[in-house]
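Enquirer: Handing you this structure, nothing more for now.
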Amino acid sequence: MSSRILVVEDNLDIAEGLQRSLEYDGYTVSLATKAAHALAVATSDRPELIVLDLGLPDKDGYEVLRELRERGVQTPVLILSARREEADKLQGFRLGADDYVTKPFSILELMARISALLRRASPAPAPAPAPGSDAAVAAAAAAEAAPKPGPLSDEALRERYSLTARQIEVVRLLAEGCSNAEIATRLEMSYYTARNHTEQVLGKLGVSSRAAVGALIYGQG
Ligand code: CA
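In this text, residue positions in the sequence shown follow my numbering: the first is 302, and each later residue adds one.
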């Protein structure tokens with residue numbers, strides 16, 4: 302369940318750097334370097350998040366945002382701009398932007414904001430059935446019939462997968478769905494150290510994706 306992100310940025314160095322970091326964190330990324338292309342992709346592919354540069358060659362990023370909202374596209378938009386003026390930020394929010402990051406930006410901060418936006422935008426879980434209803438009784442019976450195995454203990458992780466104490470901390474965060482940026486913040490390490498830990502942990506657990514970690518730890522895999 303990787304989130305799809307559309308990056309709209311005409312500076313290819315920035316665009317491709319961003320794409321690499323996002324893909325590394327498990328997102329699916331498409332790039333657009335022009336407003337026209339961005340509008341087409343945003344409308345047809347319905348990404349879960351749009352990172353939008355303001356200075357585009359064919360149109361202002363604000364125009365893109367305005368047209369998207371006019372077309373009823375409610376995808377969260379994070380503006381990425383060299384314009385630091387308060388007025389520019391306000392204009393962005395007025396047009397329906399969800400966040401605003403100024404260049405030069407820290408990749409760590411940007412990744413953290415992206416994952417926060419996605420979390421905020423993801424639909425709330427379905428409401429539980431009313432207590433005493435047939436559905437609630439059936440759900441309770443099913444839960445009793447098939448108890449879920451508990452999560453893997455630290456000891457099991459250490460013994461079965463030879464993880465270090467630090468790697469176990471990383472595994473717990475991965476299982477919660479944390480991105481590398483969030484792991485870096487929570488464990489007070491650099492983004493690149495978090496990346497390295499994630500890579501080593503995935504290797505030791507023998508899983509190919511971050512999503513598989515939660516399933517393994519919580520015994521749903
Ligand atoms: Ca630009």
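Ideal Cβ positions, reconstructed from N, Cα and C, are used throughout, including at glycine.
Just to confirm my understanding: we take L396, look at its own chain, exclude 5 residues before and 5 after, and list those with CB closer than 7 Å. What are they?
Expert: Here the set comprises Y363, L366, R367, R370.
Enquirer: For S453, which residues in the same chain have their Cβ closer than 6 Å to its Cβ, ignoring the five residues on either side in sequence?
Expert: Here residue 453 turns out to be Leu, not Ser, going by the sequence shown. Counting only Cβ-Cβ distances below 6 Å, and skipping sequence neighbours, we find I518.
Enquirer: Can you tell me the Cβ-Cβ gap for V309 and D354, rounded? I've got them flagged as a contact below 8 Å.
Expert: The Cβ separation is near 6 Å, so the contact holds.
Enquirer: Would you kindly check if the distance between the Cβ of L474 and the Cβ of E460 is under 8 Å?
Expert: Against a cut-off of 8 Å, the Cβ pair of L474 and E460 comes out as no contact.
Enquirer: How far does the alpha helix (DSSP H) with E400 in it extend, from its first residue to its last?
Expert: Note that residue 400 is Asp in the sequence shown, not Glu. D400 -> not in any alpha helix (DSSP H); beta strand (DSSP E) instead, spanning 400–403.
Enquirer: Hey, how far is the Cα of D314 from the Cα of L381?
Expert: Approximately 14 Å, taken between the alpha carbons.
Enquirer: Going by the C-beta, is G356 closer than 7 Å to any heavy atom of ligand 1?
Expert: True, at least one ligand heavy atom lies under 7 Å from that Cβ.
Enquirer: Can you tell which of V352, N312, V514, Y325 has its C-alpha closest to the C-alpha of I415?
Expert: If we check each option's Cα against that of I415, V352 comes out closest.
Enquirer: Drop a sphere of 10 angstroms on the beta-carbon of S491, count the other beta-carbons inside from all chains shown, and report buried for 16 or more, exposed for fewer.
Expert: Label assigned to S491: exposed.
Enquirer: On the DSSP bridge assignment, give the partners of T329 in chain order.
Expert: In the DSSP output, where bridge partners are listed per residue, T329 has R305.
Enquirer: Where are the alpha helix (DSSP H) runs, 4 residues long or more, that stay fully inside the region 471–514, in chain order?
Expert: The region 471–514 contains these whole alpha helix (DSSP H) runs: 481–487, 492–506.
Enquirer: So, helix, strand or coil for V352, using DSSP?
Expert: Of the three classes helix, strand and coil, the one that applies to V352 here is strand, per DSSP.
Enquirer: Name the residue from A485, Q392, Y401, A343 whose alpha carbon lies nearest to the alpha carbon of D326.
Expert: Per the Cα distances, A485.
Enquirer: Output the distance between the C-alpha atoms of E317 and I306, rounded to the nearest integer angstrom.
Expert: About 13 Å.
Enquirer: From the DSSP output, in three-state form, read off V438 for me.
Expert: In this structure, V438 counts as helix in the three-state DSSP scheme.
Enquirer: Taking all protein chains shown into account, decide if Y328 is buried (16 or more other Cβ within 10 angstroms of its Cβ) or exposed.
Expert: Under this definition Y328 is a buried residue.
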